[in-house]
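The structure appears below as structure tokens.
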Amino acid sequence: MTQPYPPQPPGYPYPPQGYPYPMPPQGYPYPPQGYPYPMPPQGYPYPPQGYPYPMPQQTEEKEYPQLTAATVKGTVLGQAQAQISATLITNDGEPIKGQPVTFTVSGRQIGMAVTDATGVAHLDSGSNLLDPLLWVHAVGSGYEAHYQGSKKYMPATAHGKIEPGLG
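Below, the structure is given as structure tokens:
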């Protein structure tokens, strides 16, 4: 077996096995075993072990709101229309005002309304249900109210029914 270092005179202090740096002078405090580089000064700002750098920011947990869609009557004589609504409240029952709620029938958006001080978003379907097939789908399967969420609240969806009326 060959030596990793050239032959030295007798009494020459060889570096410890596995230590990649030249021997420091006598009395120098060696780093702990298995620590291959110099120790940082005390108080050096290293992140705690096990955390990526930079440390992740604490995000406030979002609240899950309650969205309910009303069962409404729609007219089928003349121009088909319905007054649809959805209520957005917190888990404590407090209304959430000023938030947009989108209304869809069979995946097709029929309008958008903003919640008022009581947390209710009202939409008069008006000319949005002129398509007879869309009106049939609305009466048969109802409508969906979608809240996209915000920085404070998670998204929510609710299903409402449209019952046919004669006008």
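So the sequence shown is numbered by UniProt numbering: it starts at 1 and just counts up by one. Cβ atoms here follow ideal geometry from the backbone N, Cα and C, with glycine treated the same way.
Short of 7 Å from the beta carbon of T104, and not among the five residues preceding or following it, lie these beta carbons of its own chain, in chain order: I110, Y143, E144, H146. Taking a C-beta distance under 9 Å as the contact criterion, L88 and T115 qualify as a contact pair. Assigned with DSSP and collapsed to three states, S141 falls in helix.
Pairing A117 with K97, the inter-Cα distance amounts to about 5 Å. For P100, the uninterrupted beta strand (DSSP E) run begins and ends at 100-105, by DSSP.
A Cβ-Cβ separation of about 6 Å places E63 in contact with T90 under the 8 Å criterion. Pairing W135 with A156, the inter-Cα distance amounts to about 24 Å. Annotated as proximal: G160 and S85, with beta-carbon spacing under 9 Å.
Taking the C-beta atoms as reference points, A138 is found nearer than 9 Å to A82.
When the Cα atoms are used, E163 and D124 turn out to be separated by approximately 15 Å. By DSSP's assignment, T68 forms a beta bridge with T87. Residues of the same chain with a CB within less than 6 Å of the CB of K151, apart from the 5 flanking positions on each side, do not exist.
Relative to the Cα of M112, the nearest Cα in the group T102, G119, G93 belongs to T102. With fewer than 16 other Cβ atoms from the protein chains shown falling within 10 Å of its own Cβ, G140 counts as exposed. Ranked by Cα distance from P95, the options G119, R108, P10 are led by G119. In the DSSP annotation of this structure, the continuous segment of the beta strand (DSSP E) that includes D124 starts and ends at 120-124.
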